[in-house]
Amino acid sequence: MLSTKSLFQEILDDDESFRLFCSIAAGGESQGGWENGRIAALVPPGLRELAPRAARHGADEDKHGRIFNALLKQRGLQPVAVPYETDYTLLLERRGIGLAHERLSREEPLTERDVIVYLAHSRVTEQRASEQMRLLLKHFAGHPVLGRAVRMISRDEDNHLAYCHEELLRFARAGHGRTIQHVLRECAHAEIRVYRDVSLAVMSHMGRVLRWPRAKAAAVAAGIHAMYAYERLVGWRRMVSLEQPALRDALGGPAVPETEYA
Numbered sequence: 004m005l006s007t008k009s010l011f012q013e014i015l016d017d018d019e020s021f022r023l024f025c026s027i028a029a030g031g032e033s034q035g036g037w038e039n040g041r042i043a044a045l046v047p048p049g050l051r052e053l054a055p056r057a058a059r060h061g062a063d064e065d066k067h068g069r070i071f072n073a074l075l076k077q078r079g080l081q082p083v084a085v086p087y088e089t090d091y092t093l094l095l096e097r098r099g100i101g102l103a104h105e106r107l108s109r110e111e112p113l114t115e116r117d118v119i120v121y122l123a124h125s126r127v128t129e130q131r132a133s134e135q136m137r138l139l140l141k142h143f144a145g146h147p148v149l150g151r152a153v154r155m156i157s158r159d160e161d162n163h164l165a166y167c168h169e170e171l172l173r174f175a176r177a178g179h180g181r182t183i184q185h186v187l188r189e190c191a192h193a194e195i196r197v198y199r200d201v202s203l204a205v206m207s208h209m210g211r212v213l214r215w216p217r218a219k220a221a222a223v224a225a226g227i228h229a230m231y232a233y234e235r236l237v238g239w240r241r242m243v244s245l246e247q248p249a250l251r252d253a254l255g256g257p258a259v260p261e262t263e264y265a
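Offset between the sequence shown (1-based) and this note's numbering: plus 3.
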């Protein structure tokens with residue numbers, strides 16, 4: 004029977020598909036680490052209190068990249084180049100979502116609107132990351148190799164999402180509510196398209212590596228298209244709502260090294 008768990012299990016059991024999976028994940032996390040680090044360095048003077056939390060966000064993302072690379076090393080595998088069409092972060096940037104790398108590479112302070120764009124983009128993408136990790140947590144929390152990594156990263160992604168909610172609500176109370184909702188909607192609609200395209204590309208690569216029969220590959224693609232149809236119709240709304248998180252100041256402390264997780 005074709006299920007999310009069986010698909011992931013098949014990918015994890017094969018060295019080549021596992022290598023591609025971890026390489027894609029590590030690349031995305033490392034990009035996120037760089038972006039958040041640059042944002043922390045460029046936060047405008049009037050918003051400097053945000054810098055330590057953005058830096059913590061970046062440190063967490065860097066840590067996740069190291070975790071995925073460590074999983075490869077444990078199996079004696081080397082990372083592979085990430086195919087362009089599977090690069091979620093890059094494709095979002097190409098659609099004009101978030102802050103462009105060219106902008107972040109300049110030594111020019113961000114504007115208040117730039118910070119709102121960063122937080123709105125993060126609120127949408129961290130929703131996706133949190134949901135993905137919770138799905139892996141549901142199926143692989145007890146896995147002898149992946150379990151610990153999944154628990155670590157899932158906890159961090161939930162914290163990142165809480166941080167985005169809290170900071171955006173602070174800006175909304177300061178009178179930026181309309182701007183926030185506009186940017187959130189724009190990001191959400193672009194993200195669901197990019198996520199569909201990346202999912203199709205990743206599963207196409209996995210299908211070739213694992214030699215899936217045509218019917219199985221078609222069934223996986225149909226599932227991805229069905230999810231996109233749902234998200235385009237109503238699912239996007241979960242990405243644009245804001246609510247006060249149960250955990251306040253989720254990124255208020257220093258990043259926790261991998262070795263300090265239970």
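No residue lacks a Cβ here, since even glycine has one placed at the ideal position from N, Cα and C.
Since the structure is predicted, the reported quantities are computational estimates derived from the model, not experimental observations.
Check                                                                                                                                                                : Outcome
Roughly how many whole angstroms lie between the Cα atoms of Arg22 and Val85?                                                                                        : 10 Å
So, is Ser108 buried or exposed, given that buried needs 16 or more other C-beta atoms within 10 angstroms?                                                          : exposed
Apart from the five residues on each side of it in sequence, which residues of its chain come closer than 6 Å, Cβ to Cβ, to Tyr121?                                  : Ile42 and Leu102
Along the chain, where does the alpha helix (DSSP H) that runs through Asp63 open and close?                                                                         : Ala54 to Gln77
In angstroms, rounded to a whole number, what distance separates the CA positions of Arg137 and Val127?                                                              : 16 Å
Inspect the beta-carbon positions of Ser133 and Glu96 and report whether they are closer than 8 Å.                                                                   : no
Look at the Cβ atom of Gly68, then the Cβ atom of Asn39, and state whether they are nearer than 8 Å.                                                                 : no
Can you tell which of Gln135, Ala165 and Arg106 has the C-alpha that lies nearest to the C-alpha of Ala249?                                                          : Ala165
For Asp90, does the count of other Cβ atoms within 10 angstroms reach 16, so buried, or fall short, so exposed?                                                      : buried
Beta-carbon separation of Leu113 and Asp18 under 8 Å?                                                                                                                : no
Could you give the first and the last residue of the continuous alpha helix (DSSP H) run that contains Ala221?                                                       : Arg217 to Leu236
CB-CB under 6 Å to Glu194, same chain, minus the five flanking residues each way: which ones, in chain order?                                                        : Val127
Below 8 Å on the Cβ atoms is my guess for Arg59 versus Pro257; work out the distance and round it to an integer in Å.                                                : 7 Å
Let me know the secondary structure DSSP gives Ile100 once reduced to three states.                                                                                  : coil
Taking the continuous alpha helix (DSSP H) assigned at Gly40, which residues delimit it?                                                                             : Asp18 to Leu45
Go ahead and label His228 buried or exposed: buried means 16 or more other beta carbons lie within 10 angstroms of its beta carbon, across all protein chains shown. : exposed
Measuring alpha carbon to alpha carbon, tell me which of Ala191, Ala204, Arg196 and Ala123 ends up nearest Ile182.                                                   : Before going on, a small fix: residue 182 reads as Thr here, not Ile. Checked all of Ala191, Ala204, Arg196 and Ala123; the closest Cα to Thr182 is Ala123.
Determine the direct distance from the alpha carbon of Val118 to that of Pro47, and round the result to whole angstroms.                                             : 9 Å
Output yes or no for whether 8 Å exceeds the beta carbon distance between Ser9 and Val212.                                                                           : no
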